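S.K.: Quick note on my numbering: the sequence shown kicks off at 2 and runs consecutively.
No residue lacks a Cβ here, since even glycine has one placed at the ideal position from N, Cα and C.
Predicted model, so just to flag it, every value in this text is computed and none were measured.
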Amino acid sequence: MHSYKDLGLSNTKDMYAKAVDGKYAIPGYNFNNMEQLQAIITACIETNSPVILQVSSGARKYANQILLRHMANGAMDIVKDAGSNIPVALHLDHGDTYELCVSCIESGFSSVMIDGSAHSFEDNIVLTKKVVAYAHQHDVTVEGELGVLAGIEDDVQHEVTHYTKPEEVEEFVSKTGVDSLAISIGTSHGAYKFKLKPGEEVPPLRFDILEDVEKRLPGFPIVLHGASSVVPEYVEIINKYGGQLDNAVGVPEDQLLKAARSSVCKINIDSDGRLAMTAKIREVMATKPGEFDPRKYLGPARDELVKMYKHKNENVLGSAGKS
Ligand code: G3H
Ligand code: 13P
Ligand code: ZN
Numbered sequence: 002m003h004s005y006k007d008l009g010l011s012n013t014k015d016m017y018a019k020a021v022d023g024k025y026a027i028p029g030y031n032f033n034n035m036e037q038l039q040a041i042i043t044a045c046i047e048t049n050s051p052v053i054l055q056v057s058s059g060a061r062k063y064a065n066q067i068l069l070r071h072m073a074n075g076a077m078d079i080v081k082d083a084g085s086n087i088p089v090a091l092h093l094d095h096g097d098t099y100e101l102c103v104s105c106i107e108s109g110f111s112s113v114m115i116d117g118s119a120h121s122f123e124d125n126i127v128l129t130k131k132v133v134a135y136a137h138q139h140d141v142t143v144e145g146e147l148g149v150l151a152g153i154e155d156d157v158q159h160e161v162t163h164y165t166k167p168e169e170v171e172e173f174v175s176k177t178g179v180d181s182l183a184i185s186i187g188t189s190h191g192a193y194k195f196k197l198k199p200g201e202e203v204p205p206l207r208f209d210i211l212e213d214v215e216k217r218l219p220g221f222p223i224v225l226h227g228a229s230s231v232v233p234e235y236v237e238i239i240n241k242y243g244g245q246l247d248n249a250v251g252v253p254e255d256q257l258l259k260a261a262r263s264s265v266c267k268i269n270i271d272s273d274g275r276l277a278m279t280a281k282i283r284e285v286m287a288t289k290p291g292e293f294d295p296r297k298y299l300g301p302a303r304d305e306l307v308k309m310y311k312h313k314n315e316n317v318l319g320s321a322g323k324s
């Protein structure tokens, strides 16, 4: 058993309490490799922002769970070495089984998500409650999910969105004991969040559902998944240099700002990091065809990621200066 406390990591309890009070959202940034982790940590140190480092089960398979633990350990050493005291959580994103959550807790995660949204309401409660019982013995915080987001969550593809039913949230939270709740209000995973006809604007998220949930669970931490903006500049660069991302659309920043000021206290962003990296790598490959040193294309990609995460912390989530 490796406790997250020995790695200097934090669970999400105090982070969320401060975010709910301060009306901002903490970034939930996914990483799969060294450059992404370096960029997230650098941006959050430089903006003095708390951060939740997210690992999906796909990332865990890709990067090796032992290496991931050491990477998180290294990230904490970098934070301390910089004289920073930003709280850092290591979080399992979209855990789908009890066993996976236990394995992550045993390997040093400080927070886990059990995503039982593919199950019935009753089965979701049973599964989530079981994870909470184990996690809380180790002072690890748990995120549950009610409602289904369209898009790909690891290997599970959901064609349609099922909005969260506000009338279910109180029972779910009280019966499971979860520390935070992901809800579905119209976002989806990936780079194709809305199907728009020519000239059509992105429709507003279902803030009415969010407000109803807030009334039923005053002060309870809510999580928004699928919150990439699908930054148009990156899509343009990717397409300019040979990519094919037609009709990629994300959540406009003004809608995320509005969510961050509500009881939404974690906003999950993965696709924007993928797009920023891909855009820079494509640009270098196309404009400097003689380059074959990975540092010459991964380095600029990492610099772009730092810029993007700082912008989000400062101008969208409001987490800058809140450590
Ligand atoms: O919500 C999904 C995250 O973007 C993780 O994606 O399962 O491809 O690592 P992944
Ligand atoms: P995006 O695909 O919008 O970045 O969402 C990421 C996410 O929700 C991770 O859990
Ligand atoms: Zn998600």
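Could you tell me which of LEU128, MET286, ASN269 and ASP271 sits nearest to GLY244, measuring between CA atoms?
M.R.: Closest option to GLY244, Cα to Cα, is MET286.
S.K.: So the beta strand (DSSP E) TYR5 belongs to, where does it begin and stop?
M.R.: Taken as a continuous stretch (DSSP letters only), TYR5 belongs to no beta strand (DSSP E), as it is neither H nor E.
S.K.: Do GLY145 and ALA90 count as a contact pair if the criterion is CB distance below 9 Å?
M.R.: For ALA90 and GLY145, no; Cβs fall outside 9 Å.
S.K.: Which of the three DSSP states, helix, strand or coil, is assigned to VAL250?
M.R.: Here VAL250 sits in strand by DSSP.
S.K.: Would DSSP call ASP155 helix, strand or coil?
M.R.: Confidence is the limiting factor: at ASP155 the pLDDT is only 49, short of 50, which leaves the residue's position unreliable, though a coordinate-based value still follows. Three-state DSSP puts ASP155 in coil, outside helix and strand.
S.K.: Is it the case that the region 251-270 contacts the region 289-307, given that we only count it when at least three CB pairs across the two stretches are under 8 Å?
M.R.: No, they do not touch.
S.K.: Check whether the Cβ of ASP94 lies closer than 8 Å to any heavy atom of the ligand ZN, and answer yes or no.
M.R.: Under cutoff, so the answer is yes.
S.K.: Would DSSP call ASP304 helix, strand or coil?
M.R.: If DSSP states are grouped into helix, strand and coil, ASP304 belongs with the helices.
S.K.: Restricting to Cα atoms, I'd like to know which of VAL252, GLY75, VAL133 and GLY84 is closest to GLY96.
M.R.: Nearest C-alpha to GLY96: VAL133.
S.K.: In the DSSP assignment, the alpha helix (DSSP H) including GLU169 goes from what residue to what residue?
M.R.: Per DSSP, GLU169 belongs to the alpha helix (DSSP H) from 167-177.
S.K.: In chain order, which alpha helix (DSSP H) runs of at least 4 residues are fully inside the region 58-115?
M.R.: Runs of the alpha helix (DSSP H) inside the region 58-115: 58-64, 66-82 and 99-107.
S.K.: Under a three-way DSSP split, which group does GLY319 fall into?
M.R.: GLY319 falls in the coil class under three-state DSSP.
S.K.: Would you mind stating whether VAL149 and VAL113 have Cβ atoms separated by less than 9 Å?
M.R.: No, Cβ-Cβ distance for VAL149 and VAL113 is not below 9 Å.
S.K.: Secondary structure at ALA119, three-state DSSP: helix, strand or coil?
M.R.: Three-state DSSP puts ALA119 in coil, outside helix and strand.
S.K.: Helix, strand or coil for HIS137 per DSSP?
M.R.: Three-state result, HIS137: helix.
S.K.: What's the C-alpha gap between ASN314 and LEU38?
M.R.: Near 16 Å, if we compare the C-alpha coordinates of LEU38 and ASN314.
S.K.: Taking the alpha carbon of GLY59 as the point to measure from, which residue in ALA83, LEU101 and ARG296 has its own alpha carbon closest?
M.R.: The option with the nearest alpha carbon to GLY59 is LEU101.
S.K.: So, using beta-carbon positions, are SER263 and PHE221 closer together than 9 Å?
M.R.: Going by C-beta atoms, SER263 is not nearer than 9 Å to PHE221.
S.K.: Just the C-alpha distance for LEU1 and LEU318, rounded to the nearest angstrom, thanks.
M.R.: With the chain covering 2 to 324 only, the question about residue 1 has no answer from this structure.
S.K.: Could you please give the first and the last residue of the uninterrupted beta strand (DSSP E) stretch that includes GLU146?
M.R.: Counting along the chain, the beta strand (DSSP E) containing GLU146 begins and ends at 142-147.
S.K.: For the region 176-195 against the region 221-231, do three or more pairs of beta-carbon atoms, one drawn from each stretch, fall closer than 8 Å, so that the two count as touching?
M.R.: Yes, the region 176-195 is in contact with the region 221-231.
S.K.: In chain order, what residues of the same chain lie with their CB nearer than 6 Å to the CB of LEU206, ignoring the 5 residues before and after it?
M.R.: Correct list, in chain order: ILE186, GLY187 and GLN256.
S.K.: Looking at C-alpha atoms only, which residue of ASN316, LYS241, ASN86 and ASN248 is the closest neighbour of THR288?
M.R.: When each option's Cα is compared against that of THR288, the closest is LYS241.
S.K.: Buried or exposed: where does GLU168 fall if 16 or more other Cβ atoms within 10 Å of its Cβ makes it buried?
M.R.: GLU168 should be labelled exposed.
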